[in-house]
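>
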Amino acid sequence: MTGIFRIGLATLVVILQLLFIYFIINILKNYAVYFYALIQIIAVINIFIMVSKSKNTSYIIVWLIIIFILPVFGYFLYLLWGRSDVFGRCIRNNRIRAAIQHGSMYLYKDPEVYAELDQIHPSRKRIAGYLGRKGFPLYKNTTCEYFSLGEYQFEAMIKDIENAERYVFLEYFILDSGELWDRISEVLIRKAEQGVEIRLMFDDFGSIVTAPDNLIKALNSHNIQVLRFNPVHRYISSFCFNCRNHQKITVIDGCVGYTGGTNLADEYANIYPKHGHWKDTAIRLEGDAVWGLTSIFLQMWDAESGGTTDYEAYRSVVNYEGQGFYQPFSDGPSNNPDNPAEVMYRTMIYNAKKYVYISTPYLVIDNSMKEALCTSAQGGTDVRIITPKIWDHWYVHMVTQSNYGELLESGVRIYEYTPGFIHAKTIISDDDHAICGSINMDYRSFYLHFENGVWICGSPVLQDIKNDLQQTFDVCEEISLDEWRRRPWHIKCVQSFLRLFAVFF
965 MTGIFRIGLA TLVVILQLLF IYFIINILKN YAVYFYALIQ IIAVINIFIM VSKSKNTSYI
1025 IVWLIIIFIL PVFGYFLYLL WGRSDVFGRC IRNNRIRAAI QHGSMYLYKD PEVYAELDQI
1085 HPSRKRIAGY LGRKGFPLYK NTTCEYFSLG EYQFEAMIKD IENAERYVFL EYFILDSGEL
1145 WDRISEVLIR KAEQGVEIRL MFDDFGSIVT APDNLIKALN SHNIQVLRFN PVHRYISSFC
1205 FNCRNHQKIT VIDGCVGYTG GTNLADEYAN IYPKHGHWKD TAIRLEGDAV WGLTSIFLQM
1265 WDAESGGTTD YEAYRSVVNY EGQGFYQPFS DGPSNNPDNP AEVMYRTMIY NAKKYVYIST
1325 PYLVIDNSMK EALCTSAQGG TDVRIITPKI WDHWYVHMVT QSNYGELLES GVRIYEYTPG
1385 FIHAKTIISD DDHAICGSIN MDYRSFYLHF ENGVWICGSP VLQDIKNDLQ QTFDVCEEIS
1445 LDEWRRRPWH IKCVQSFLRL FAVFF
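The opening residue of the sequence shown carries number 965 in the working numbering; numbering runs sequentially from there.
Structure, rendered in structure tokens:
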């Protein structure tokens, strides 16, 4: 099926579901009092369950507002879209958890590495310990290179793929035909013909229009394995397609790994000026920490394919040297209600003493994250956030700007990137630790999507990350509190209304 046809099919089924709900409600209007009472009783019971199970009060409050505004319809929306266990109900036999459990058997936590971190960076022991307890080991003996633009990353990545001898794994949210993909696919096909194992996985919804069936068939004909993650048509009825794979990983031979904010499309390399200059970032790891990225990829591959990979066949046996500590991690709806990405961001913000700099394309945050930012700024920490001046989704940008007020009042400095669209997802604090990966500061990244990142501590690359952010501030427009307050009244009304539905964005 073509992407447009599948989008149409999904939309049709969703409309039919909503019409069915309306039809049932209309039929039962003769018994409105009893039906309404029953729904309210069920809703109250579920509210108690929601409050008792969820650690995110803000998320629950938004759904409570929707339920009380639309007593019957809102409750059905929550059942379809709002439950944090929706992914667990969609994937039969908890396949994702089984894949993660299988992969964890191949992840060894070296106590000597943790002891060395504690000796050199004692204040960061708890962060590393938290990720370790979540199943993500800490590594050293790794070098890291930072790319301040997507085009720099792709030039280096294509060269590394050219040198692949055993395998190449790629996992992205968007795959789009174009000049960049032509270059990458040409190299992948050539390496596959040389006997290199190639696995490519992309999110079906993210690439539903841009990666047609004939593209996949062409790759398969060259012995390249391709998987669509969470096909839209499979889970339309349960809205499971709302849980997407937003991870961005490339691994070559278990020796070299890439992650960051980029996807496989021309705009990410500034070949196509979709929204002006596209600012994105990525990192290249070489060494022991690449095993963390390899494991994350294989877990997601097994979860979608239903297979069981022999991880040891893909482990690198090369010895490396390098400075600093690296901890690749992932999260997703299978972790709800405790997601490592949100916890890591909030912890870094709270623990910052001198400064914390953040770049994010979307700032759709709950009260707990907002409180962390405000508390840190009020305590004297230099808190700065970069968001886009030119947006890709107007409604998300509206909600992003609506969140500026409380932050500005608390002393957080907000910058909007003026040359184009900033898609970079980076946080750095106090010169000694940072995260680079696929994580946006929004509900989707923290609760609905599968994401990944790398926590970096004590590495020389941290100075490159800080320098890039400081240079980016110079080409941004800083937003003042007075300017924010002078927004037109109709913009304020639209933003306030959209904030009620921020959980959907």
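Positions of the beta carbon are idealized from the N, C-alpha and C atoms, including for glycine.
In this structure, what does DSSP give as the bridge partners for E1129?
Beta-bridge pairing links E1129 to no other residue.
> As a quick exercise: from S1409, L1337, D1274, F1461, pick the residue whose alpha carbon is nearest that of Y1359.
The shortest Cα separation from Y1359 among S1409, L1337, D1274, F1461 belongs to F1461.
> Can you pull the DSSP bridge partners for S1323?
For S1323, which the question treats as bridged, DSSP gives the partners I1350, T1390.
> Where are the beta strand (DSSP E) runs, 3 residues long or more, that stay fully inside the segment 1177–1256, in chain order?
DSSP runs (the beta strand (DSSP E)) wholly in the segment 1177–1256: 1189–1193, 1213–1216, 1220–1224, 1241–1243, 1246–1251.
> Mapping the DSSP letters down to three states, classify P1086 as helix, strand or coil.
If DSSP states are grouped into helix, strand and coil, P1086 belongs with the helices.
> I'd like the span of the alpha helix (DSSP H) that includes A1398, first residue to last.
Segment 1397–1401 is the beta strand (DSSP E) holding A1398; no alpha helix (DSSP H) there.
> Note the first and the last residue of the continuous beta strand (DSSP E) segment covering E1470.
The displayed coordinates of the chain run from 965 to 1469. Any statement about residue 1470 would go beyond what the structure contains.
> Looking at the unbroken beta strand (DSSP E) that takes in F1293, where does it start and where does it end?
Taken as a continuous stretch (DSSP letters only), the beta strand (DSSP E) holding F1293 covers 1289–1295.
> For L1498, name the three-state secondary structure that DSSP assigns.
Limits of the chain in this structure are 965 at one end and 1469 at the other, which puts residue 1498 out of reach.
> Quick one: measure Cβ to Cβ for E1276 and N1105, integer angstroms, because I've assumed they're closer than 8 Å.
Not quite, the Cβ-Cβ distance comes to about 19 Å (not below 8 Å), so this is no contact.
> With DSSP as the reference, label L1113 as helix, strand or coil.
Three-state DSSP puts L1113 in coil, outside helix and strand.
> Beta carbon of A1466, beta carbon of V1363: below 8 Å?
Yes, Cβ-Cβ distance for A1466 and V1363 is below 8 Å.
> Measuring alpha carbon to alpha carbon, tell me which residue in R1090, Q1287, D1302 is nearest S1294.
With distances taken between Cα atoms, S1294 lies closest to D1302.
> Measuring alpha carbon to alpha carbon, tell me which of C1421, G1240, V1132 ends up nearest R1090.
Taking only the C-alpha atoms, the option nearest R1090 is C1421.
> Would the beta-carbon of S1280 fall within 8 Å of that of Y1314?
In this structure, Y1314 does not lie closer than 8 Å to S1280 by Cβ.
> Output the distance between the C-alpha atoms of L1095 and R1408, rounded to the nearest integer angstrom.
One C-alpha to the other measures close to 21 Å.
> By Cβ distance below 6 Å, which residues in the same chain neighbour W1419 in space, the five residues on each side in sequence not counted?
Taken in chain order, the residues that qualify are Q1291, I1399.
> Here's the rule I'm using: 16 or more other beta-carbon atoms within 10 Å means buried, otherwise exposed. How should S1423 be labelled?
Buried.
> Rounded to whole angstroms, how far is the Cβ of I1350 from the Cβ of I1386, which I believe are closer than 8 Å?
Contact flag correct, Cβ pair sits at about 6 Å.
> If you pair each beta-carbon of the segment 1220–1230 with each one of the segment 1077–1092, do three or more pairs fall below 8 Å?
The segment 1220–1230, when compared against the segment 1077–1092, does not touch it at the 8 Å Cβ threshold.
> Just verifying my parser: in three-state terms, what is the DSSP assignment at Y1278?
In the structure shown, Y1278 sits in a helix (DSSP, three-state: H, G or I).
> State the start and end residues of the unbroken beta strand (DSSP E) segment that holds F1166.
Residues 1161–1167.
> Find the nearest neighbour of G1384 within the set L1164, V1282, N1234, F1166, judged by alpha-carbon distance.
Checked all of L1164, V1282, N1234, F1166; the closest Cα to G1384 is N1234.
> Taking L1081 as the reference, give the member of K1073, Y1072, A1092, I1125 with the closest Cα.
Nearest of K1073, Y1072, A1092, I1125 to L1081, Cα basis: A1092.
> Could you tell me whether the Cβ atoms of I1138 and L1152 are closer together than 8 Å?
Not a contact, by the Cβ cut-off of 8 Å.
> Would you tell me roughly how many angstroms separate the C-alpha atoms of T1390 and L1002, rounded to the nearest one?
Spanning the two alpha carbons is a distance of roughly 47 Å.
> Please list the terminal residues of the continuous beta strand (DSSP E) segment that includes Y1072.
From DSSP, Y1072 is part of no beta strand (DSSP E); its letter is neither H nor E.
> Might you give, ordered along the chain, the residues of its own chain that have their beta carbon closer than 8 Å to the beta carbon of G1142, omitting 5 neighbours on each side?
Contacts found: A1229, D1230, I1235, Y1236.
> Kindly indicate which three-state DSSP category I1025 falls into: helix, strand or coil?
In this structure, I1025 counts as helix in the three-state DSSP scheme.
> I need the DSSP call for F1100, collapsed to helix, strand or coil.
Note: F1100 maps to coil in three-state DSSP.
> Report the option in Q1342, Y1368, A1316, G1159 whose CA atom is closest to the CA atom of I1329.
For the residues Q1342, Y1368, A1316, G1159, the minimum Cα distance to I1329 belongs to Y1368.
> Classify Y1103: buried if its beta carbon has 16 or more other beta carbons within 10 angstroms, exposed otherwise.
Buried, since its Cβ has 16 or more Cβ neighbours within 10 Å.
> Measure from the alpha carbon of G1099 to the alpha carbon of each residue in L1071, G1296, L983, V1282, then state which is nearest.
Considering only alpha carbons, the answer is L1071.
> Assuming Y1278 and S1393 are in contact, meaning their beta carbons sit under 8 Å apart, how far apart are those beta carbons, in whole angstroms?
Actually they are not in contact, since the Cβ atoms of Y1278 and S1393 sit about 33 Å apart, beyond 8 Å.
> Just how far apart, CA to CA, sit I1172 and N1178?
Taking the straight line from one Cα to the other gives about 13 Å.
> Excluding five sequence neighbours on each side, which residues of the same chain lie with their C-beta closer than 6 Å to the C-beta of A1062?
Cβ neighbours of A1062 beyond the five flanking positions: none.
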